[in-house]
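Scroll down for the structure; my scribbles are underneath it.
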Amino acid sequence: MALRDDRRVQSRRGFLKTGAGLLAMTIMPSGLIVGSAWANMPQATDPEVFATLVQMSRDCYPHAQIEDRYYADAVSILDEAARSSAEARTFLEDNVASLDRAASDAHGVRYLEVASEEDRTALLKRIETDPFFQKVRGNLVVGLYNQKELWPVFGYEGASADQGGYIDRGFNDIDWLS
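Numbering (this note's numbering), first residue to last: 158 to 335.
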């Protein structure tokens, strides 16, 4: 009877590759990546401000089937505006700091760290008439819902003017609305 040695031999390269990945994961600041990793990171705002804006966006327009990267794409429009205007950057950073203070007063943690969606939504309801909230919400209407990759998720088939309009093509074919 032959004895098998099932121990795996780890190469030096494999060991270093695994170790580097684990090291990167342990030194990455917590709370800066919401959900899945983003394709684009902030260019002007602080990463924590950007992450807070992404979470705020998800809380304003929650869609469980949409990954955070689409919300990050929408927030990147605000970040781009902050890159070209110091006033826009200050506006975002000051208002996120104010939101964090409100969260800290109510829950003892920053907005991004508030665990309950209901608690975060309650914080947003307090500022829903504020220019900051309206700026983020208004940006989402275009920034989130104008992403062509998401149109099928919402049942939108795209423009129809070049195909004769919706009357004769798909006017009543939305099955998820019934």
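Glycine included, each C-beta is placed from N, C-alpha and C at the ideal position.
Exposure of residue i, with buried meaning 16 or more beta-carbon neighbours within 10 Å
| i | result |
| --- | --- |
| residue 233 | buried |
| residue 359 | One cannot answer for residue 359 here, as it falls past the ends of the chain, which runs 158 to 335. |
| residue 273 | exposed |
| residue 303 | exposed |
| residue 291 | exposed |
| residue 336 | Residue 336 lies beyond the stretch modelled for the chain, which goes from 158 to 335, so this question has no answer here. |
| residue 300 | buried |
| residue 318 | exposed |
| residue 262 | exposed |
| residue 316 | exposed |
| residue 251 | exposed |
| residue 258 | exposed |
| residue 246 | buried |
Under the three-state DSSP convention, the category residue i falls into
| i | result |
| --- | --- |
| residue 247 | helix |
| residue 264 | helix |
| residue 295 | helix |
| residue 271 | coil |
| residue 234 | helix |
| residue 303 | coil |
| residue 212 | helix |
| residue 202 | coil |
| residue 317 | coil |
| residue 278 | helix |
| residue 287 | coil |
Beta-carbon proximity of residue i to residue j, cut-off 9 Å
| i | j | result |
| --- | --- | --- |
| residue 240 | residue 228 | no |
| residue 208 | residue 236 | no |
| residue 253 | residue 206 | yes |
| residue 249 | residue 268 | no |
| residue 277 | residue 212 | yes |
| residue 275 | residue 260 | no |
| residue 231 | residue 280 | no |
Heavy atom of the ligand ATP within 8 Å of residue i beta-carbon
| i | result |
| --- | --- |
| residue 294 | Among the components of this structure there are no ligands whatsoever, and the ligand ATP is therefore not found. |
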